[in-house]
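The numbering of the sequence shown is the working numbering, which starts it at 22 and goes up by one.
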Amino acid sequence: MFSKFIILFAIIISVVKVLAENKQLVKTSLRSGSAPAQYNDITTSLIGQYVYVTTDDGKIYGSSVYGKEWFTSAENVNYNDFITTDYTGRYVYAIGSTIAKSDNHGQSWVVVNKNDKNWSGISTDRWGQWVYAISRDSGLFVAADWGNTWTHRGPAAGFVAVDTNRYTYSEFQLSGPDSNAWAISSANDLYNTPDDGVTWNLVASNKFGNDKVLSLETSDFGNYVFVGTESGKLYKSVNHGVSFSVVQNIGTPITAISCDGSCAFVAYGTGDASKNVAGNLYESNDYGTTFTTSDYGSQVWTAIATSKPGNFIYAASATGFVGKIH
Numbered sequence: 022m023f024s025k026f027i028i029l030f031a032i033i034i035s036v037v038k039v040l041a042e043n044k045q046l047v048k049t050s051l052r053s054g055s056a057p058a059q060y061n062d063i064t065t066s067l068i069g070q071y072v073y074v075t076t077d078d079g080k081i082y083g084s085s086v087y088g089k090e091w092f093t094s095a096e097n098v099n100y101n102d103f104i105t106t107d108y109t110g111r112y113v114y115a116i117g118s119t120i121a122k123s124d125n126h127g128q129s130w131v132v133v134n135k136n137d138k139n140w141s142g143i144s145t146d147r148w149g150q151w152v153y154a155i156s157r158d159s160g161l162f163v164a165a166d167w168g169n170t171w172t173h174r175g176p177a178a179g180f181v182a183v184d185t186n187r188y189t190y191s192e193f194q195l196s197g198p199d200s201n202a203w204a205i206s207s208a209n210d211l212y213n214t215p216d217d218g219v220t221w222n223l224v225a226s227n228k229f230g231n232d233k234v235l236s237l238e239t240s241d242f243g244n245y246v247f248v249g250t251e252s253g254k255l256y257k258s259v260n261h262g263v264s265f266s267v268v269q270n271i272g273t274p275i276t277a278i279s280c281d282g283s284c285a286f287v288a289y290g291t292g293d294a295s296k297n298v299a300g301n302l303y304e305s306n307d308y309g310t311t312f313t314t315s316d317y318g319s320q321v322w323t324a325i326a327t328s329k330p331g332n333f334i335y336a337a338s339a340t341g342f343v344g345k346i347h
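Shown next as structure tokens:
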């Protein structure tokens with residue numbers, strides 16, 4: 022465990038160098054050429070160096086240079102819906118009708134779960150060791166060994182959103198409720214786990230009424246929780262999901278939310294790909310208290326990923342995707 026913290030410390034120190042060397046990436050389009058039918062999901066490593074995106078036409082693209090150059094990581098695959106990576110960008114997990122893993126920065130992939138559970142999301146911890154997958158009709162599944170062995174955990178309900186916390190209070194000897202991951206069921210019940218997915222606690226029941234939940238994002242310690250819905254409401258909790266308030270109500274589905282480690286910076290995207298309804302990107306620099314509209318224009322936004330220092334924000338849309346330094 023001590024060696025892990027040494028590695029993490031070295032990564033964080035390198036952020037200073039990254040900020041100094043990559044300022045020219047502000048408002049730069051990261052991928053050109055003909056776009057696929059839709060970009061489905063996007064994920065990035067701790068400092069934003071490694072970026073991975075899935076597409077509707079069965080491909081996964083990767084970048085190891087902050088989105089300046091891209092390679093085809095996988096093609097003609099059935100795990101191209103949702104994607105997640107650890108802090109280093111080495112371990113990458115992708116999910117569709119199967120679950121696959123790359124342990125070499127997206128250079129090759131192996132299917133680790135062949136069961137089609139009507140999967141609806143996937144998220145991993147900062148080391149890539151604990152992985153959480155959710156199903157629309159079969160509940161929660163957890164792998165504690167870098168995606169190799171999967172165990173059904175928690176209530177046997179359908180789930181629509183999942184996210185992991187990067188730290189716990191106890192590991193830093195701080196006072197606060199520990200949580201490793203969060204998940205929202207199709208009944209709008211919010212659950213979290215304090216023990217790496219062994220048990221799941223009901224934190225809040227039906228907090229969002231009959232409004233369908235589309236997106237979920239939490240801060241590193243889980244004290245901030247953001248939820249986006251189909252009607253265009255953005256909910257925020259500042260007390261580990263115990264209570265929520267509506268901080269935005271824009272009338273267009275909130276398809277993606279992402280924030281830096283503390284959620285001081287928050288971004289969310291809107292749109293409806295099924296109806297070809299365009300939306301906007303919105304950004305906040307005050308923990309989601311106030312938001313401004315991004316200058317990227319009106320698009321059908323499908324996913325957002327933010328580096329933990331908040332210096333890189335990658336946004337994916339149905340027709341292309343962009344990135345900038347915050």
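Cβ coordinates follow ideal geometry from the N, Cα and C atoms, glycine included. The model shown is predicted, which means the values in this text are computed figures rather than measured ones.
Query                                                                                                                                                                                          : Result
Does the segment 156-170 come within contact of the segment 76-83, defined as at least 3 CB pairs closer than 8 Å?                                                                             : no
In the DSSP assignment, what are the bridge partners of PHE180?                                                                                                                                : SER206
Using a Cβ-based criterion (distance less than 8 Å to any ligand heavy atom), does ILE68 qualify as near the ligand ATP?                                                                       : The ligand ATP is absent from the structure shown, which contains no ligand whatsoever.
Using CA coordinates, which residue listed in SER129, PRO176, THR106 is at the minimum distance from THR145?                                                                                   : THR106
Starting from the C-beta of THR291, find all residues in its chain whose C-beta is less than 7 Å away, skip the five residues before and the five after it, and write them out in chain order. : GLY253, ILE271, THR273, PRO274, ILE275, THR276, GLY300, ASN301, TRP322
Rounded to the nearest angstrom, what separates THR313 and THR170 at their Cα positions?                                                                                                       : 43 Å
Look at the alpha carbon of ALA208 and the alpha carbon of ALA178, and state the distance between them as a whole number of angstroms.                                                         : 8 Å
Which residues mark the beginning and the end of the beta strand (DSSP E) in which ILE325 is found?                                                                                            : 322-327
Give the secondary structure of LYS254 by DSSP, where H, G and I count as helix, E and B as strand, and everything else as coil.                                                               : strand
Apply the 10 Å Cβ neighbour rule to HIS173 and answer buried if 16 or more other Cβ atoms are within range, or exposed otherwise.                                                              : exposed
ASN209 CB to nearest chain D CB: under 9 Å?                                                                                                                                                    : Among the protein chains of the structure shown there is no chain D, as only one such chain exists.
Take ASP232 and list the residues in its own chain whose beta-carbon comes closer than 7 Å to its own, dropping the five residues that flank it on each side.                                  : THR250, GLU251, SER252, LYS254
Just curious, the beta strand (DSSP E) that SER295 is in, first and last residue?                                                                                                              : That residue, SER295, is in no beta strand (DSSP E); it is neither H nor E in DSSP.
For THR310, collect the residues of the same chain with a Cβ closer than 8 Å to its Cβ; drop the 5 residues on either side in sequence, then sort them by chain order.                         : VAL268
What whole-angstrom Cβ distance do ILE204 and VAL234 have, given they're in contact under 8 Å?                                                                                                 : Looking at the sequence shown, residue 204 is not Ile but Ala. 10 Å between Cβ atoms; not a contact.
Determine the direct distance from the alpha carbon of ILE116 to that of LYS138, and round the result to whole angstroms.                                                                      : 10 Å
Between TYR108 and ASP124, is the Cβ-Cβ spacing less than 9 Å?                                                                                                                                 : no
Let me check understanding here. Comparing Cα to Cα, which of VAL131, GLU304, ASP217 lies closest to THR17?                                                                                    : Since the first residue shown for the chain is 22 and the last is 347, residue 17 is missing from the structure and cannot be characterised.
Could you name each continuous beta strand (DSSP E) segment of 3 residues or more that falls completely within the segment 113-184, going from the start of the chain to the end?              : 113-116, 120-123, 131-134, 140-145, 152-156, 160-164, 172-174
LYS80 lies in the beta strand (DSSP E); which residues open and close that run?                                                                                                                : 80-84
In this structure, how does DSSP classify GLU96 when only helix, strand and coil are distinguished?                                                                                            : strand
Starting from the C-beta of ILE63, find all residues in its chain whose C-beta is less than 6 Å away, skip the five residues before and the five after it, and write them out in chain order.  : VAL74, ALA324, ALA326, TYR335, ALA337
What is the C-beta distance between ILE143 and PHE180, in whole angstroms, given that I count them as a contact (C-beta under 8 Å)?                                                            : Going by Cβ atoms, the distance from ILE143 to PHE180 rounds to 11 Å, so no, they are not a contact pair.
If we count the other Cβ atoms within 10 Å of its Cβ and call it buried at 16 or more, is VAL298 buried or exposed?                                                                            : exposed
Using three-state DSSP, classify PHE333 as helix, strand or coil.                                                                                                                              : strand
How many Å lie between TRP130 and PRO330 at the Cα?                                                                                                                                            : 28 Å
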